[in-house]
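Here the sequence shown is numbered in my numbering, starting from 8 and rising by one per residue. Single-structure report; data block below.
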Amino acid sequence: MSDPTTVDVAVRQRIGTYQTVSINGVNASCTAGEQQAAERFGRKYFGPAYTGVQLVEASAAFKPAVWRVNADPKAYAWCWASGLIEIHDTMPEKNPDGSGPVAFASGPRRALEASLSVLARHGQGASKGKLLAPGVPEAKGQEDGMTSLILWVNWCAVRNGQAKQHGVVYGREGDVL
Numbered sequence: 008m009s010d011p012t013t014v015d016v017a018v019r020q021r022i023g024t025y026q027t028v029s030i031n032g033v034n035a036s037c038t039a040g041e042q043q044a045a046e047r048f049g050r051k052y053f054g055p056a057y058t059g060v061q062l063v064e065a066s067a068a069f070k071p072a073v074w075r076v077n078a079d080p081k082a083y084a085w086c087w088a089s090g091l092i093e094i095h096d097t098m099p100e101k102n103p104d105g106s107g108p109v110a111f112a113s114g115p116r117r118a119l120e121a122s123l124s125v126l127a128r129h130g131q132g133a134s135k136g137k138l139l140a141p142g143v144p145e146a147k148g149q150e151d152g153m154t155s156l157i158l159w160v161n162w163c164a165v166r167n168g169q170a171k172q173h174g175v176v177y178g179r180e181g182d183v184l
């Protein structure tokens with residue numbers, strides 16, 4: 008899987024406006040300049056994880072400029088058998104018996120945190136302030152818990168028809184679940 012924390016975007020000048028190409032349905036434009044158009048694209052594409060842009064290739068005759076749009080480093084969301092969700096910079100380590108947390112999503116850290124804060128269940132009582140995978144804490148056993156996790160992750164992946172919002176990927180795509 009390619010790095011979800013950077014994307015190169017071409018910016019062209021057309022009729023007094025700088026316009027980016029469309030990537031995964033996202034594009035942007037600005038009359039102030041190439042860099043500003045690339046920055047607007049970055050804010051739309053990566054959302055809260057956007058960090059900045061840098062020029063990769065200057066524009067030339069009939070050739071658009073290319074800007075690299077950067078986001079937070081990649082992070083992974085894990086779910087424990089209890090339903091507790093944690094976000095870490097590395098994939099979870101499995102125990103020798105195969106037990107341990109299940110990684111179910113990845114993407115730029117702040118975008119992943121923002122997405123999960125909307126889609127996950129917020130704990131109450133002893134788990135106040137923590138995120139939980141819906142249905143997993145109430146599961147009768149680990150098999151039911153895993154089924155609940157998979158169903159919820161699939162729902163997250165297709166929410167609003169957008170499987171890769173702000174670079175966040177849920178499910179089997181790439182290196183999770």
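From the three backbone atoms N, C-alpha and C, an ideal C-beta is built for every residue, glycine too. From a predicted model like this one, the values you see are computed outputs, not experimental measurements.
I'd like the span of the alpha helix (DSSP H) that includes I157, first residue to last.
Q149 to V165
For G32 versus H173, is the C-beta spacing smaller than 8 Å?
no
Can you give the Cα-Cα distance for S155 and A88, rounded to whole angstroms?
11 Å
Which residues mark the beginning and the end of the alpha helix (DSSP H) in which Q42 is found?
E41 to F53
R47 classed as buried or exposed, judged by whether at least 16 other C-beta atoms fall within 10 angstroms
buried
Close-in-space but distant-in-sequence residues of the same chain around K101 (CB under 7 Å, 5 per side omitted):
G107
Decide if D104 is buried, meaning its Cβ has at least 16 other Cβ atoms within 10 Å, or exposed.
exposed
Between which residues of its own chain and C86 is the CB-CB distance below 7 Å, once the five residues before and five after are set aside?
I92, P108, V109, F111, A140, V143 and L156
Within its chain, find whatever has a CB closer than 7 Å to the CB of Y57; leave out the 5 residues flanking it on each side and keep chain order.
G49, R50 and A78
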